[in-house]
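Numbering (our numbering), first residue to last: 3 to 374.
The structure appears right after this line, and notes come after that.
Below you can see the structure in the form of structure tokens.
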């Protein structure tokens, strides 16, 4: 697995019961997954020689991020190394311009958009869609709200162009909430779909995920799952695909982003689904039969634990575990820094209000924003 973050850490954990031998390419020895994987190579995923040396002897290469250069992945494939997802698929998660063009070609519903050349062109685009505000995104490199700007005039539009990469302009969708449809697809085309979830964002970062999305009609839920499965098929995805969606007030869904790896909106599956996203991602890249994605409980809520000014996790564990014996805590072994994702909690049960309160309390207490 290329990438040493928490997604690799949790994917490795899912492989332990299957006896899967894991080799990790990590940027640094203190990264989340590098702390727990026995065979770790420290190196730069942007360096082709490093990638080639790492891949030697591996049965398959997969990723916990989308940042390996596309041309390097093509070189690995030319060397005979199975890369899953392959570069022809992964480029759609690496480059938002390529993604939008492909989604248009297959008829997937998207916000109105186009590549813009400069701030003056942003103003032209705004006029085309009925005015500002407009969302601007650098086509590569953004995540968790980074590389994304909401601009209200051409004067505010200069910053995105300073990165030196193409800029995608999109309409600012008046959505009622954000959803995510998570699917997994294997090389021979078997695919499974998890329940569609509601994703609650705070300052551009995922805060809470509710599975399944409350009050989502069966028709719209089925439409979202079918859309995600169709995108996975059309793009040739192997492994986990997260399709982040906007739900509009008039009952439509629009594709916001794609991620081709385990995803924050699927962390609830560790404790809330028969087969987690991490286990199914491994099964897919190894071309094993996929596991059952159905939920174990009526409701599961995942809440991210963001770093605060409260590094004493042991005393926090005492409180959280005593207060809620059913609580599932997943910490990533990261240094605690304000705003950094350092872990998540999962709660489940039959009463959604109770499940949400338990998750919010535990995440808040572990962060230090709740002290009783």
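Glycine included, C-beta positions come from ideal geometry on N, C-alpha and C.
None of the values given here were measured: they were computed from a predicted structure.
Can residue 298 and residue 274 be called in contact, C-beta distance under 9 Å? Residue mapping note: residue 298 aligns to position 296 of the chain shown, counting from 1. Residue mapping note: residue 274 aligns to position 272 of the chain shown, counting from 1. A distance below 9 Å separates the beta carbons of residue 298 and residue 274.
What are the start and end residues of each continuous beta strand (DSSP E) run of 3 or more residues lying completely inside the stretch 269 to 349, in chain order? The qualifying runs are 301 to 308 and 330 to 333.
Which runs of the alpha helix (DSSP H) fall wholly inside the stretch 32 to 116 and span at least 4 residues, in chain order? The DSSP assignment places complete alpha helix (DSSP H) segments of no fewer than 4 residues inside the stretch 32 to 116 at 50 to 57, 72 to 80, 89 to 96 and 98 to 107, in order along the chain.
Only counting the same chain, and skipping five residues up and downstream in sequence, which positions put a Cβ closer than 8 Å to that of residue 93? Within the chain shown, residue 93 is the residue found at index 91, counting from 1. Cβ within range, chain order: 72 and 100.
Pull up the DSSP beta-bridge partners for residue 139, would you. Taking the first residue of the chain shown as 1, we reach residue 139 at position 137. In the DSSP output, where bridge partners are listed per residue, residue 139 has 150 and 170.
What is the rounded straight-line gap between the Cα of residue 191 and the Cα of residue 235? By 1-based counting over the chain shown, the position of residue 191 is 189. By 1-based counting over the chain shown, the position of residue 235 is 233. Counting only the Cα atoms, residue 235 lies some 8 Å from residue 191.
For residue 37, the nearest candidate out of 58, 74, 333 and 165 (CA to CA): Numbered from its first residue, the chain shown carries residue 37 at position 35. Selected option, being the one with the closest Cα: 333.
Rounded to the nearest angstrom, what separates residue 96 and residue 365 at their Cα positions? The count along the chain shown starts at 1 and reaches residue 96 at position 94. The count along the chain shown starts at 1 and reaches residue 365 at position 363. Those two C-alpha atoms are separated by around 31 Å.
Using the three-state DSSP reduction, which class does residue 266 fall into: helix, strand or coil? Position 264 of the chain shown holds residue 266. Correct three-state label for residue 266: helix.
Quick one: what does DSSP say residue 123 is sitting in, helix, strand or coil? Counted from its first residue, the chain shown places residue 123 at position 121. Per DSSP, reduced to three states, the secondary structure at residue 123 is helical.
Residue 248 - DSSP class collapsed to helix/strand/coil: Looking up residue 248 in the chain shown gives position 246. Residue 248: strand per DSSP, three-state reduction.
Does the separation of the CB atoms of residue 242 and residue 186 fall below 9 Å? Working through the chain shown from its first residue, we reach residue 242 at position 240. Working through the chain shown from its first residue, we reach residue 186 at position 184. Yes, they are a contact pair.
DSSP three-state label for residue 357, please. Here residue 357 refers to the residue found at position 355 of the chain shown. The answer is helix: DSSP assigns residue 357 an H, G or I state.
Suppose the cutoff is 6 Å on Cβ atoms and the five residues either side in sequence are ignored; what does the same chain contact list for residue 335 look like? Mapped onto the chain shown, residue 335 falls at position 333. Spatial neighbours of residue 335 in its own chain (CB-CB distance under 6 Å, excluding positions within 5 residues in sequence) are listed in chain order as 34 and 37.
Option nearest residue 87 by Cα separation, candidates 262, 307, 353 and 40: Mapped onto the chain shown, residue 87 falls at position 85. Checked all of 262, 307, 353 and 40; the closest Cα to residue 87 is 262.
Are there 16 or more other CB atoms within 10 angstroms of the CB of residue 142, so buried, or fewer, so exposed? For this step, residue 142 is matched to residue 140 along the chain shown. With 16 or more Cβ atoms within 10 Å of its Cβ, residue 142 is classed as buried.
With DSSP as the reference, label residue 24 as helix, strand or coil. Residue mapping note: residue 24 aligns to position 22 of the chain shown, counting from 1. Collapsing the DSSP output to three states places residue 24 in coil.
From 257, 27 and 57, residue whose alpha carbon lies closest to that of residue 108: As a working mapping, residue 108 is identified with position 106 in the chain shown. Nearest option by C-alpha distance: 257.
At what residue ranges does the stretch 202 to 231 contain a whole run of the beta strand (DSSP E), taking only runs of 3 or more? Assignment of beta strand (DSSP E) within the stretch 202 to 231, counting only whole runs of 3 or more residues, yields 207 to 213 in chain order.
Candidates 296, 162, 221 and 207, of which the one nearest residue 265 by Cα: For the purposes of this step, residue 265 is identified with residue 263 of the chain shown, where counting begins at 1. Measuring from the Cα of residue 265, the nearest candidate turns out to be 207.
Can you give me the C-alpha to C-alpha distance between residue 321 and residue 307, rounded to a whole angstrom? The residue you call residue 321 lines up with position 319 of the chain shown. The residue you call residue 307 lines up with position 305 of the chain shown. Those two C-alpha atoms are separated by around 15 Å.
Please classify residue 59: is it buried, with 16 or more other beta-carbons within 10 angstroms of its beta-carbon, or exposed? On the chain shown, position 57 is the one that residue 59 refers to. Residue 59 comes out exposed.
In terms of residue numbering, what span does the alpha helix (DSSP H) encompassing residue 10 cover? Here residue 10 is taken as the residue at index 8 of the chain shown, counted from 1. For residue 10, the enclosing alpha helix (DSSP H) covers residues 8 to 17.
Residue span of the beta strand (DSSP E) that contains residue 177, given as start and end: In the chain shown, residue 177 corresponds to position 175, counting from 1. Per DSSP, residue 177 is one residue of the beta strand (DSSP E) stretching across 177 to 187.
Distance CB(residue 46)-CB(residue 29) smaller than 9 Å: Taking the chain shown and counting its residues from 1, one reaches residue 46 at position 44. Taking the chain shown and counting its residues from 1, one reaches residue 29 at position 27. A distance below 9 Å separates the beta carbons of residue 46 and residue 29.
For residue 152, which residues in the same chain have their Cβ closer than 7 Å to its Cβ, ignoring the five residues on either side in sequence? As a working mapping, residue 152 is identified with position 150 in the chain shown. The beta carbon of residue 152 lies closer than 7 Å to those of 135, 137 and 174 in the same chain, with the five residues before and after it left out.
Closest residue to residue 371 among 300, 25, 120 and 341 (Cα-Cα distance): Locating residue 371 in the chain shown gives position 369, where the first residue counts as 1. That would be 341, whose Cα lies nearest to the Cα of residue 371.
With DSSP as the reference, label residue 351 as helix, strand or coil. Locating residue 351 in the chain shown gives position 349, counting from the first residue. It is a strand residue.
Ordered along the chain, which non-local residues of its own chain (more than five positions away) have a Cβ less than 6 Å from that of residue 125? Mapped onto the chain shown, residue 125 falls at position 123. Closer than 6 Å at the Cβ level, and outside the excluded window around residue 125, lie 156.
Check whether the stretch 8 to 17 touches the stretch 275 to 291, taking contact to mean three or more Cβ pairs, one atom from each stretch, closer than 8 Å. The stretch 8 to 17 vs the stretch 275 to 291: in contact.
Does the beta-carbon of residue 210 have 16 or more other beta-carbons within 10 angstroms, so that it is buried, or is it exposed? Looking up residue 210 in the chain shown gives position 208. Counting Cβ neighbours within 10 Å, residue 210 comes out buried, since at least 16 surround it.
Name the two residues that bound the continuous beta strand (DSSP E) containing residue 259. Here residue 259 refers to the residue found at position 257 of the chain shown. Residues 255 to 261.
Output yes or no for whether 9 Å exceeds the beta carbon distance between residue 251 and residue 168. Sequence index remark: in the chain shown, residue 251 carries index 249 (1-based). Sequence index remark: in the chain shown, residue 168 carries index 166 (1-based). Taking 9 Å as the Cβ cut-off, residue 251 and residue 168 do not qualify as a contacting pair.
Using beta-carbon positions only, say whether residue 346 and residue 318 come within less than 9 Å of one another. Taking the first residue of the chain shown as 1, we reach residue 346 at position 344. Taking the first residue of the chain shown as 1, we reach residue 318 at position 316. Going by C-beta atoms, residue 346 is not nearer than 9 Å to residue 318.
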